[in-house]
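Asks: This structure is in structure tokens; I'll ask about it shortly.
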Amino acid sequence: MEVQSKAATIAAWPKRLKDYVADLQAEMRRVTWPSWKQVRATTAVVIVAVFAFAAYFSVVDFVVGKAITKIFQTLTK
């Protein structure tokens, strides 16, 4: 019985694949895609945010690094 079940499952994959692709196409038609203006605007926001966070973390890293170096120099004297 189990062999027939596995065989039926294996034989059914082309239909399942076809159903999946049909469902995918139907779902993609329902998607509300952003305009190019929205894409450019949000991309610019992301790029600016990445550079802002990079600058912030660079400053924090520099300050913490200097503080730790100063602490170690003080403790080793």
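The sequence shown begins at -15 in my numbering and counts up by one.
Using N, Cα and C, we set each Cβ at its ideal position, and we do this for glycine too.
Bear in mind the structure is a predicted one, so any value in this text is a computation, not a measurement.
Could you tell me the distance, in whole angstroms, from the CA atom of S42 to the CA atom of V29?
Replies: Mapped onto the sequence shown, residue 42 falls at position 58. Mapped onto the sequence shown, residue 29 falls at position 45. Their Cα atoms are separated by approximately 20 Å.
Asks: Examine chain C for any beta-carbon lying closer than 8 Å to the beta-carbon of K21, and answer yes or no.
Replies: Protein chain content of the structure displayed is limited to a single chain, and chain C is not contained in it.
Asks: Taking R14 as the reference, which of F37, A6, A39 has the closest Cα?
Replies: As a first step, residue 14 must be located in the sequence shown, where it is residue number 30. When only C-alpha atoms are compared, the closest one is A6.
Asks: Quick one: give me the first and last residue of the alpha helix (DSSP H) that K(-1) is part of.
Replies: Stepping through the sequence shown from its first residue, residue -1 is reached at position 15. Element bounds for K(-1): -3 to 14.
Asks: In whole angstroms, what is the alpha-carbon distance linking L8 and S19?
Replies: Indexing the sequence shown from 1 puts residue 8 at position 24. Indexing the sequence shown from 1 puts residue 19 at position 35. C-alpha separation (whole angstroms): 22 Å.
Asks: With H, G and I counted as helix, E and B as strand and the rest as coil, what does DSSP make of W17?
Replies: Position 33 of the sequence shown, counting from 1, holds the residue named residue 17. Coil, per DSSP.
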